Amino acid sequence: MRKFLRRFAVLTVVGVLVAALAASTAVAEAPAAKKAPKLSGSITVSAAASLTEVFAKMGADFQKLNKGTTIAFNYAASSALATQIQGGAPADVFASADGANTQKVVASGQVTADPIDFTANKLTIVVKKGNPKSVKSLADLPKLGVVSLCAAAVPCGKYATQMLAQDGVTIPTDKITLGQDVKTTLTAVQSGDADAALVYATDAKAAGTTITEVKIPASLNVLAVYPIAPIASSQNAKLADAWIAYVISPAGQKTLAQFGFLPVPTT
Amino acid sequence: MSLDATIKIHVGEFDLDARIVATDGETVAVIGPNGAGKTTLLRALAGLVPIDEGRILVDDDVVDDPTAGTYVVPERRSVGVVFQNYLLFPHLTALENVAFGLRSRHVSRGDARRRAAEWLDRVGLGDRARAKPRELSGGQQQRVALARALVIEPRLLLLDEPLAALDIGTRTELRRDLRTHLSSFRGARVLITHELLDAVALADRLVVLENGKVAQVGPVAEVSARPRSRYVADLVGVNLLRGTAMGHTVNLPTGGTIVTADEVHGDVCVAIHPHSVSLHRAAPEGSPRNVWRGTINGTDLLGDRARIHVNGPVPLVAEVTVAAVAELGLRDGVEVWAAVKATDISIYPT
Amino acid sequence: MPLIAVLLALVAVAFFVLPLIGLLQRAPWSDVWDDLSTPAARDAMKLSLVCSLWATGLSILFGVPLAYVLARAEFPGRSLVRALVVLPMVLPPVVGGVALLYAFSVNNGLVGGWLHDTFDIQLTFSTSGAVLAETFVAMPFLVITVEAGLRLMDRRYEDAAATLGANRWTVFRRVTLPLIGPSLFAGAALAWARALGEFGATLTFAGNIQGRTQTMPLAIYLLLESQQGTAIVLSLVLLAVSIIVLVALRDRWFGAVRES
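Residue numbers (our numbering), protein chains in the order written: chain Y, 638 to 904; chain V, 188 to 537; chain Z, 434 to 693.
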């Protein structure tokens, strides 16, 4: 008899506590619902390699503004990122260096929202510090020993191929070394024996004084337009959308410009 | 002298200090327990290990002399070696093995093969020229190894336990063959063995090596008849005692006394063959002057004979019939009287 | 046999088998020949064959004497030398590539600049560079295997040969080499397989130039995005080669590991 009474008492106490907890939560939430939704949690942003430096800065700024959030970045060639996302990699946002890769993941259903073009870039020639081989333009590239280009499947590689074709410059295949993303392509000049590399202007800027930049006139250049989109299967759609909103906001655009990115063409 | 070697080698904790001489046509057997230094001695003669002190002369040519700074490498010493386990090159045929030494001396291929084939015939393996060593029996391999060493016409022949790896039947047969082949070799030969029978059959002189030092040297018959070392005594199967002789008695450190037929003085070895020892349960009467009390502490049965170990002032091994063992009740711990005739005792200076 | 051991073992086997099955079932079997006939594939296969054979040859030429010295000579610092030789086996290959770069790069390498100025030799971004990178990672396999063989060999055969009148070179040529034959073969096969599969060091040091330094592993890596079919087919070729080498060596390699 005593045992039964004791058990009953324990159950009652537990039950009351649970009810109180539930009630308090409901009560606590009600006033909160009246203020603006607070961002929390973490997301993974898969971004083109050329966005390495600028997104690092923007991520730090965003996290300062929204305390309690964490943005993790995954940088690689956009083509590799697209393959990862198609393979089910848990990314929340995809920032690509060209529309083709974004369209790939739209077509395969991982992205359902409309991608937004958020920035643009152009190509440039990067040579060894001091330009020892006196490279002045694209036409000088075929004369060099080894030229470093991005692989054909990578956006910067596609842009480079496009640009060289439209400008009538052909570099012999046995003089081209291919990099799997734009950063590796640049390293071949920075610390290796490649004489020149075709990379984005923003990469040249980020490399600073370790290399010398030889600009390509706009008439010969190509424009790379970068789309950004949230991944449908994201576990934190709210934060993902907030990040995208930040990137296209004036603050985000200002940071992009600081790093050498170009505004999205309006036409 | 075909071989005159004074060898001193220091290997770790072990010191080898031996002198060995042999004339052309003479076979010297080096006998001794394991670890005595026999292999080191052979390797020094072959030139595989340099000596620390001493001198080795082969046919009056100095091949190793540390003080003079002379050291002739094995490939130039013209010393033929038949190794224990033969060491026939496993990837070459019998013929190629025998021809190896000649080919290394730049003899033409054809000539080398011809001479090798001749030698293979001589050792009775002409039809096995194309066999690989693993296809040959132990005895056959030994013969190929011998042919391989002799075809190069060395100045000195060394044999390291040439019959050790063989079973008894093959060993007997090969001992005979070896004797025949050795007799036709004109140089000196050094034979390492731990089988007294090999030494008796093949050698002229015996060098007993114990603990790196020469314990005894002499003609084979003499060494076996008058062993001065425990090792040979055991090999020959003889009781060996040491003591001090004073006229017709010998005093042993174990306390016993031996009466001798001849008059002797000084430090002596006393050799008594086990079959000269008779055992009694009670003190015997009769002519034997040498009668000692003792206690049995070991019995070995060998067919229809038994070897009884007797402890006492004169420790001995006696050889009696198995019937006697049963009759006399000879067991461990039993007290017995051992008797030997003075004329059956061999005494000689140490 | 305890059940838990069997179960864990099965998991381990599945761990190794599943990726292979994954590769095999994705293979575009109907297009195999077409995929292998593309210029990129053909260049990659030819380059892989040439570079790996050169790397194996160099490994034998320099590796056998090194193995001999390590096995036979006593000198201070021998274990240090052996550790250095084994280092490329445990070093991440890309680190090896970076290290080679800092030694042989024309612009900031230790001897690269001198080689370029004096002999007009540039190893980076060249087929020779690819061979060098492959040799760097492959030679240790040969040295270790041959050294083990030399140690296990009965040296008394060499003594016997010496007493028969053979000088040191003849002993090495006619006795030592044939006796370590199996070890030498195994070491060469392992070195060749390793050279064939080398990626990180080649990519970093010799770059990725089609027809010059783009060996099969590099080609596969690049083609994975754009021509996946070709990439998979090339992977299968490498897989088949690896299996053949392992089967050819099964007794020798596992035996040598057991003995050493």
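The beta carbon of each residue, even a glycine, is placed where N, CA and C say it ideally should be. Small disclaimer: the values here were computed from a predicted structure and weren't measured.
DSSP state of V/T280, grouped into three classes? coil
Have a look at Y/Q890 and Y/A861 and give me their C-alpha separation to the nearest angstrom. 16 angstroms
For the stretch 825 to 854 of chain Y, which residues have a beta carbon sitting closer than 8 angstroms to at least one beta carbon of chain Z? A825, S828, G829, D830 and A831
Let me know if V/I355 comes out buried or exposed under the rule of 16 or more other beta-carbons within 10 Å of its beta-carbon. exposed
Exposed or buried, which one is V/N426 when buried takes at least 16 other CB atoms within 10 Å? buried
Give the secondary structure of V/Y273 by DSSP, where H, G and I count as helix, E and B as strand, and everything else as coil. coil
How close, in whole Å, do the beta carbons of Y/A843 and Y/E690 come, if the pair is a contact with beta carbons under 8 angstroms? 5 angstroms
At the 7 angstroms Cβ level, is V/R137 part of the contact set with chain Z, yes or no? Nothing about residue 137 of chain V can be reported from this structure: the residues present for chain V run from 188 to 537 only.
Closest residue to Y/G736 among Y/E850, Y/S828, Y/V748 and Y/Q872 (Cα-Cα distance): Y/V748
C-beta atoms of Z/L669 and Z/I653 nearer than 7 angstroms: no
Please look up how many angstroms separate the CB atoms of Y/Q790 and Z/E658, rounded, as I've assumed it's under 8 angstroms. Here residue 790 of chain Y is Ala; the residue named in the question, Gln, does not match the sequence. With a Cβ gap of about 4 angstroms, Y/A790 and Z/E658 count as contacting.
For the candidate residues Z/G644, Z/A639, Z/I437 and Z/L656, whose alpha-carbon lies nearest to that of Z/V539? Z/A639
As assigned by DSSP and simplified to three states, the class of Z/F605: helix
Any Cβ of chain Z within less than 7 angstroms of the Cβ of V/V268? yes
Who are Y/L899's beta bridge partners in DSSP? Y/A757
Whose C-alpha, out of Y/L676, Y/T681, Y/D698 and Y/I708, is nearest the C-alpha of Y/L718? Y/T681
Since Z/R589 and V/F270 are thought to touch, with beta carbons under 8 angstroms apart, how far apart are those beta carbons, to the nearest angstrom? 7 angstroms
Partner residues on chain Z for Y/L781, Cβ-Cβ distance less than 7 angstroms: By Cβ distance, chain Z contributes nothing, its closest Cβ being about 11 angstroms from Y/L781, past 7 angstroms.
Closer than 7 angstroms to chain Z by CB, V/S189: no
Assign Y/P867 to one of three DSSP states: helix, strand, or coil. strand
Nearest chain Y C-beta to Z/I653 closer than 7 angstroms, yes or no? no
Kindly indicate which residue of Z/L499, Z/N600, Z/D550 and Z/A628 has the alpha-carbon position closest to the one of Z/A581. Z/L499
Identify whether V/A299 lies in helix, strand or coil by the three-state DSSP scheme. helix
For a minimum of 4 consecutive residues, which ranges assigned as the alpha helix (DSSP H) are wholly contained in the stretch 355 to 432 of chain V? 355 to 370, 383 to 389, 407 to 412 and 417 to 423
Let me know the secondary structure DSSP gives Z/F380 once reduced to three states. A query on residue 380 of chain Z cannot be resolved here, the shown segment of chain Z reaching from 434 to 693 and no further.
Confirm, please, whether the CB-CB distance from V/L307 to V/A299 is below 7 angstroms. no
Closest Cβ-Cβ distance between Z/L617 and chain V: below 7 angstroms? no
I need the DSSP call for Y/A855, collapsed to helix, strand or coil. coil
Please list, in chain order, the chain V residues whose beta carbon lies closer than 9 angstroms to that of Z/L612. F276, P277 and H278
Tell whether a beta-carbon distance below 7 angstroms holds between Z/A697 and Z/V678. The requested residue 697 of chain Z is not part of the displayed model; chain Z covers only 434 to 693.
Identify the continuous beta strand (DSSP E) that holds V/L439 and give its terminal residues. It is not in any beta strand (DSSP E) - V/L439 carries neither H nor E in the DSSP assignment.
Let me see if you follow: with CB-CB separation under 7 angstroms, is V/F372 close to chain Z or not? no
So with CB distances below 9 angstroms, who are the chain V contacts of Z/L491? Those within 9 angstroms of Z/L491 in chain V number zero; the least Cβ separation is about 27 angstroms.
Please check if any C-beta of chain Z sits within less than 7 angstroms of the C-beta of Y/L698. Per the sequence presented here, residue 698 of chain Y reads as Asp, with Leu not at that position. It does not: the Cβ of Y/D698 has no partner Cβ on chain Z nearer than 7 angstroms.
Residues of chain V with CB closer than 7 angstroms to the CB of Z/G598, please, in chain order. E262, G288, S291, R292 and I339
Mind checking whether V/L344 and V/G267 have CB atoms under 7 angstroms apart? yes
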